[in-house]
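Undergrad: The listed protein sequences correspond, in order, to chains A and B. No gaps in the numbering here: position 53 of the first sequence is 322 in this note's numbering, and each next residue is one more. No gaps in the numbering here: position 230 of the second sequence is 499 in this note's numbering, and each next residue is one more. The beta carbon of each residue, even a glycine, is placed where N, CA and C say it ideally should be.
Protein chains: 2
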Amino acid sequence: MAKAYERIADELRESIRAGELKPGDRLPSETKLAEDHRRSVPTIRDALRLLQDEGLIEKLHGRGNFVRKARTRVLRTNDRHQWEKDRAREPEAKRLETGSTEHDTGLEVDDLVFHASYRETKADKEIAEALGVPEGSALVERSYRTRYAAETAPFALVTSYLIRALVESNPDLLDAANEPWPGGTQNQLLSVGIELDRIEERVTARPPTPEEAEELELPPGTSVLLLRKTSFDLNDRVVEMSDVTLPGDRTEMLFTTPLERW
Amino acid sequence: MAKAYERIADELRESIRAGELKPGDRLPSETKLAEDHRRSVPTIRDALRLLQDEGLIEKLHGRGNFVRKARTRVLRTNDRHQWEKDRAREPEAKRLETGSTEHDTGLEVDDLVFHASYRETKADKEIAEALGVPEGSALVERSYRTRYAAETAPFALVTSYLIRALVESNPDLLDAANEPWPGGTQNQLLSVGIELDRIEERVTARPPTPEEAEELELPPGTSVLLLRKTSFDLNDRVVEMSDVTLPGDRTEMLFTTPLERW
DNA sequence: GAGTGGTCTAGACCACTGT
DNA sequence: CAGTGGTCTAGACCACTCC
Numbered sequence: 270m271a272k273a274y275e276r277i278a279d280e281l282r283e284s285i286r287a288g289e290l291k292p293g294d295r296l297p298s299e300t301k302l303a304e305d306h307r308r309s310v311p312t313i314r315d316a317l318r319l320l321q322d323e324g325l326i327e328k329l330h331g332r333g334n335f336v337r338k339a340r341t342r343v344l345r346t347n348d349r350h351q352w353e354k355d356r357a358r359e360p361e362a363k364r365l366e367t368g369s370t371e372h373d374t375g376l377e378v379d380d381l382v383f384h385a386s387y388r389e390t391k392a393d394k395e396i397a398e399a400l401g402v403p404e405g406s407a408l409v410e411r412s413y414r415t416r417y418a419a420e421t422a423p424f425a426l427v428t429s430y431l432i433r434a435l436v437e438s439n440p441d442l443l444d445a446a447n448e449p450w451p452g453g454t455q456n457q458l459l460s461v462g463i464e465l466d467r468i469e470e471r472v473t474a475r476p477p478t479p480e481e482a483e484e485l486e487l488p489p490g491t492s493v494l495l496l497r498k499t500s501f502d503l504n505d506r507v508v509e510m511s512d513v514t515l516p517g518d519r520t521e522m523l524f525t526t527p528l529e530r531w
Numbered sequence: 270m271a272k273a274y275e276r277i278a279d280e281l282r283e284s285i286r287a288g289e290l291k292p293g294d295r296l297p298s299e300t301k302l303a304e305d306h307r308r309s310v311p312t313i314r315d316a317l318r319l320l321q322d323e324g325l326i327e328k329l330h331g332r333g334n335f336v337r338k339a340r341t342r343v344l345r346t347n348d349r350h351q352w353e354k355d356r357a358r359e360p361e362a363k364r365l366e367t368g369s370t371e372h373d374t375g376l377e378v379d380d381l382v383f384h385a386s387y388r389e390t391k392a393d394k395e396i397a398e399a400l401g402v403p404e405g406s407a408l409v410e411r412s413y414r415t416r417y418a419a420e421t422a423p424f425a426l427v428t429s430y431l432i433r434a435l436v437e438s439n440p441d442l443l444d445a446a447n448e449p450w451p452g453g454t455q456n457q458l459l460s461v462g463i464e465l466d467r468i469e470e471r472v473t474a475r476p477p478t479p480e481e482a483e484e485l486e487l488p489p490g491t492s493v494l495l496l497r498k499t500s501f502d503l504n505d506r507v508v509e510m511s512d513v514t515l516p517g518d519r520t521e522m523l524f525t526t527p528l529e530r531w
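(1) In angstroms, rounded to a whole number, what distance separates the CA positions of Ser500(A) and Thr374(A)?
(2) Counting only the same chain and skipping the five closest in sequence on each side, list residues whose C-beta sits under 8 Å from that of Ser492(B).
(3) Pull up the DSSP beta-bridge partners for Tyr387(A), would you.
(4) Using a C-beta cutoff of 8 Å, does Ile468(A) count as contacting chain B?
(5) Buried or exposed for Asp322(A), please, with buried defined as at least 16 other CB atoms from any protein chain shown within 10 angstroms of its CB.
(6) Applying the 10 Å Cβ sphere with the 16-neighbour rule, what's the burial state of Ala287(B)?
(7) Can you give me, in chain order, the residues of the region 504-523 of chain B that have a beta carbon less than 8 Å from any beta carbon in chain A?
(8) So Trp478(B) contacts chain A; which residues on that side make the cut at Cβ distance below 7 Å?
(9) Classify Thr370(A) as buried or exposed, calling it buried when 16 or more other Cβ atoms lie within 10 Å of its own Cβ.
(10) Roughly how many angstroms lie between the CA atoms of Pro356(B) and Leu365(B), to the nearest whole one?
(11) Tell me which same chain residues have a C-beta within less than 6 Å of the C-beta of Ser284(A), skipping the five on either side of it?
(12) Chain A partners of Glu361(B), CB-CB under 7 Å?
(13) Rank Leu459(B), Thr428(B), Leu426(B), Val427(B) by C-alpha distance to the C-alpha of Asp441(B) and give the top, closest one.
(14) Quick check on the DSSP output: the alpha helix (DSSP H) that includes Glu275(B) runs from which residue to which?
(15) Based on the DSSP secondary-structure assignment, which residues constitute the bridge partners of Val402(A)?
(16) Can you find a C-beta in chain B that's less than 8 Å from the C-beta of Arg356(A)?
(17) By how many angstroms is the C-alpha of Met522(B) removed from the C-alpha of Trp352(B)?
(18) What does a CB cutoff of less than 6 Å around Ser412(B) pick up in its chain, not counting 5 residues either side in sequence?
(19) List the residues of chain A that Pro451(B) touches, going by C-beta distances under 8 Å, in chain order.
(20) With a threshold of 8 Å between beta-carbons, can Ser492(A) be considered close to chain B, or not?
(21) Would you verify that the beta carbon of Pro292(B) is, or is not, closer than 8 Å to some beta carbon of chain A?
(22) Counting only Cβ-Cβ distances shorter than 7 Å, please list the residues of the region 371-394 of chain A near chain B, keeping chain order.
(23) In this structure, does DSSP put Ile468(B) in helix, strand or coil?
(24) Look up His429(B) in the DSSP assignment and give the residues it is bridged to.
(25) Going straight from the alpha carbon of Thr514(B) to that of Asp444(A), what length do you get?
(26) Taking its Cβ as the centre, do 16 or more other Cβ atoms sit within 10 Å of His350(B), making it buried, or is it exposed?
(27) Interface residues of chain A around Ala303(B) at Cβ under 8 Å?
(28) Under DSSP, the beta strand (DSSP E) around Asn334(B) begins and ends at which residues?
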């Protein structure tokens, strides 16, 4: 025999999937649902929590419970890397026009708000391994937040690591005041004589930590995508590594793999 | 003033992050926690549910609440596509040895259990658009489940779509009895004269549906990765499309993007 | 059988939203 | 102000695990 709160959740889920309850619709109040199903309010709330955890409904205090609407997605492609490499050697005037985020989103520079901060650190075990340097090596840790001007939450949390010894010959690379840097990271690396050979991106997913949920303004019932991007130079050395946290309900990543001809 | 259940959750989360409570450790019983914090048991349970939703703890009925251990990850790379393309033209004996899943996981064929089923359908609006065919076109819908022999849950749910008109010249492609097909999908397509030019993969993440959680044996507090793979032939036609659902807590996807030289 | 978490109740009181 | 969901209590009873 199935549990009451599961049966009630199943019923509501079915109504939502069938389209009887459409995105934006208000569900009956919790007391109303309790009467209808002849159950106590806490039992109803158990059912609604299941639906919330699945991302199907949104609970708004004082207003009601609503079927969740899909959020508009931000597309992030891997051809941005080649695009950024090409762009890195353009004259500064050209580089100022657009960054890779604008390339992805098709937006103007003015539609986006950009924030960067730099910090000097030493590599812990995990980061050292990812960068292929000894533990304790001096690093430049750079933190980026980009959001739509019309919104309050950023659409990505980015932490990027550079190996200080590789970039310190250009002091401009140690100062966040030079951000946003026209031409992006690949132009920064070019300024110290580094050319990239390839980029590796590792992707996983999990529920957000409370801190991530807070900063990305994620409602309950959403996931985050974790992207670790590693850049290799022509000598197969790791020259940069970034950890990116993206909201799962509004991010779509597109990777294109070209194949050699037979 | 913070809510009691949040404060209790914060305290426990901190203990876990600090390593005072290690993966596998049992938390104090709910009644014990209630006494310690001078709160009712339901309030403690509210706190523990937060931690469960974050994927930090595992609730085991009759045994206790435990700090969750990380599961071993399955790596899925995008160089599998080129590998599979090369493999598609090898003689059958060679193709029988390993499939792309074994290529990714480094396992033997015997370590994996494979299941396939075919079904003929018509393209609904969404699928038709993805395949670039008219709505209602005849399709071959193929469903795959692969799991470790030692485990009960598959590590991926795959639904693949072929356009019937493109493949029906080889009747073997309409029969699941020929699975696992030596050489995989690219060899199947070769048998009807199709060569692939590139593969596009779109990735998003969200909490699992109850059905996905059931089939993948996902504990609460995990996400799924959704991968839509689209294969294009030399004429830029879509010739195959797959939707893949992967457990977020045990899947890592690796995409390598090579860059052209300056 | 002792100890654990899971389901469910009935209700008090608080906090937020709208009119 | 009425109506909504959010927090919390105190306790009954069930189901599972392990000794």
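TA: Here's the rundown:
(1) 22 Å
(2) Ala474, Arg475, Pro476, Pro477, Gly517, Asp518
(3) Arg411(A)
(4) yes
(5) buried
(6) Exposed.
(7) For the region 504-523 of chain B, which is checked against every Cβ of chain A, the residues closer than 8 Å are Gly517, Asp518, Thr520, Glu521, Met522, Leu523.
(8) Sequence inspection shows Thr at residue 478(B); the Trp mentioned does not correspond to that position. Within chain A, the residues near Thr478(B) are Glu323.
(9) That one is buried.
(10) The sequence as given places Arg at residue 356(B); Pro does not occur at that position. Between Arg356(B) and Leu365(B), the C-alpha separation is close to 10 Å.
(11) Leu290
(12) Per Cβ cutoff of 7 Å: no residues; Glu361(B) is ~17 Å from chain A at best.
(13) Leu459(B)
(14) 273-287
(15) BP columns for Val402(A) are empty, so no partner.
(16) no
(17) Each residue's Cα considered, the two are about 16 Å apart.
(18) So the qualifying residues of the chain are Ser386, Thr428.
(19) What Pro451(B) touches in chain A: nothing, since even the nearest Cβ is about 18 Å away.
(20) It does; some Cβ of chain B falls within 8 Å.
(21) no
(22) none
(23) strand
(24) First, the residue type needs correcting, since residue 429(B) is Ser and not His in the sequence shown. Answer is Arg411(B), Ser511(B), bridged to Ser429(B).
(25) 43 Å
(26) buried
(27) Those within 8 Å of Ala303(B) in chain A number zero; the least Cβ separation is about 17 Å.
(28) 333-336
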